[in-house]
Ligand SMILES: C[S@@+](CC[C@H](N)C(=O)[O-])C[C@H]1O[C@@H](n2cnc3c(N)ncnc32)[C@H](O)[C@@H]1O
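Numbering (my numbering), first residue to last: 67 to 315.
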């Protein structure tokens, strides 16, 4: 059997965050919102990443992306964090060509699957990044430049001792607010009630955000949000779903 070569896609799995060090040179351990699963990268996903990264992939960089250069137009840019296998993101990009989408995911098999589906559908208004989203927000997105932020079914980190790993925290929403232009939206969804209540509290307490819910809490799932894989799993288990939709005034 021939020896398997380490390809671009395999390399990517090891570089989803930037190592940071303390002043005295020790590795700074971050509280991360994800655990890197070693799940197998299928041949199909690996090939999609290797063959189509030039068309769909963006790399972490230390200066803001130039969206007009990337997409060839100045349509609003929507950022989705943690797209999983990417099916719902590709469907959304297909259904809403008036927006550009950038999806961020640290799970390489998901990135490969998303690219493969985008290629199949010949999607032009989508790019993907395989990196920690908090670093992408901090380093690669210009202030007041985003049309919206989507966060669908983020890892719920159910045990209270793990709540600090939840991506939705006041500092995270502040960071998003800074990157969003006026009129931009924050759309979150979760099937974990306790997390939905926390999301609501954090968003409500963020100055400059307006809740679009008529009841000042959650909204019914809008038709423009396709069902996600994680959501479908939750439905089978009888979970409820809470959508939150806020606008930056
Ligand atoms: C529970 S899954 C939901 C996936 C998808 N949105 C869905 O509904 O099917 C959450 C995803 O977020 C990703 N994730 C968590 N923290 C992240 C981060 N800081 N940057 C990028 N992706 C992240 C995880 O790898 C995981 O695939």
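Glycine is no exception: its CB is placed at the ideal position from the N, C-alpha and C atoms.
Residues near residue i by beta carbon distance below 6 Å, same chain, minus five either side
i: residue 68; result: Note that residue 68 scores 45 on pLDDT, short of 50, meaning its location in the model is unreliable and no value can be drawn from it.
i: residue 236; result: 268
i: residue 300; result: 257
i: residue 261; result: 222
i: residue 182; result: 114
Residue range of the unbroken beta strand (DSSP E) whose run includes residue i
i: residue 287; result: First-last for residue 287: undefined, no H or E at that position.
i: residue 174; result: Here residue 174 belongs to no beta strand (DSSP E); instead the alpha helix (DSSP H) covers 174 to 187.
i: residue 248; result: 246 to 256
i: residue 146; result: 143 to 147
i: residue 218; result: 212 to 218
i: residue 277; result: 275 to 277
i: residue 93; result: Segment: none, residue 93 is in no beta strand (DSSP E) and carries neither H nor E.
i: residue 311; result: 308 to 314
i: residue 166; result: 166 to 170
i: residue 194; result: 192 to 195
Other residues of its chain near residue i: CB distance less than 8 Å, five sequence neighbours each side excluded
i: residue 87; result: 93 and 94
i: residue 130; result: 206, 207, 208 and 211
Residue of the options minimising C-alpha distance to residue i
i: residue 115; options: 216, 96, 78 and 159; result: 78
i: residue 112; options: 150, 262, 153 and 178; result: 178
i: residue 292; options: 305, 218 and 224; result: 218
i: residue 74; options: 252, 98 and 117; result: 117
i: residue 167; options: 212, 242, 239 and 296; result: 212
i: residue 119; options: 272, 141, 158 and 185; result: 185
i: residue 215; options: 187, 189, 244 and 221; result: 244
i: residue 105; options: 151, 246, 132 and 170; result: 151
i: residue 227; options: 80, 85 and 97; result: 97
i: residue 297; options: 241, 247 and 254; result: 254
i: residue 273; options: 250, 262, 90 and 315; result: 315
i: residue 108; options: 76, 187, 225 and 199; result: 76
i: residue 210; options: 201, 265, 183 and 249; result: 249
i: residue 263; options: 247, 289 and 306; result: 306
i: residue 187; options: 197, 149, 153 and 91; result: 153
i: residue 147; options: 220, 132 and 85; result: 220
i: residue 259; options: 133, 224, 132 and 189; result: 224
i: residue 83; options: 101, 304 and 251; result: 101
Limits of the unbroken alpha helix (DSSP H) element including residue i
i: residue 316; result: Within the shown structure, residues of the chain are numbered from 67 to 315, placing residue 316 beyond reach of any answer.
i: residue 300; result: 295 to 302
i: residue 133; result: 133 to 137
i: residue 157; result: 153 to 161
i: residue 204; result: 199 to 206
i: residue 76; result: 74 to 78
i: residue 116; result: 109 to 122
8 Å Cβ cutoff, residue i in contact with chain B
i: residue 292; result: Protein chains in the displayed structure number just one, and chain B is not present.
Own chain residues within Cβ distance below 7 Å of residue i, not counting five before or after
i: residue 270; result: 277
i: residue 265; result: 234, 254, 256 and 310
### Query
Where the beta carbon is closer than 6 Å to any heavy atom of ligand 1, which residues qualify, in chain order?
Going along the chain, the residues that qualify are 99, 100, 147, 148, 149, 150, 170, 171, 172, 173, 176, 198, 199, 200, 218, 219, 220, 221, 233, 294, 295, 296 and 297.
### Query
For the segment 162 to 171 against the segment 217 to 231, are there 3 or more C-beta pairs whose distance is under 8 Å?
Taking 8 Å as the limit for Cβ pairs, the verdict is that the segment 217 to 231 does not touch the segment 162 to 171.
### Task
Could you tell me whether the segment 205 to 218 touches the segment 172 to 190, where touching means 3 or more Cβ pairs closer than 8 Å?
The way I'd put it, the segment 205 to 218 doesn't touch the segment 172 to 190; fewer than three beta-carbon pairs between them come closer than 8 Å.
### Message
Any contact between the segment 182 to 198 and the segment 113 to 128? By contact I mean 3 or more CB pairs, one from each, below 8 Å.
### Response
Here the segment 182 to 198 lies against the segment 113 to 128, with 3 or more beta-carbon pairs under 8 Å apart.
### Task
Say whether the segment 304 to 315 touches the segment 274 to 290, bearing in mind that this needs 3 or more beta-carbon pairs closer than 8 Å, one atom from each stretch.
yes
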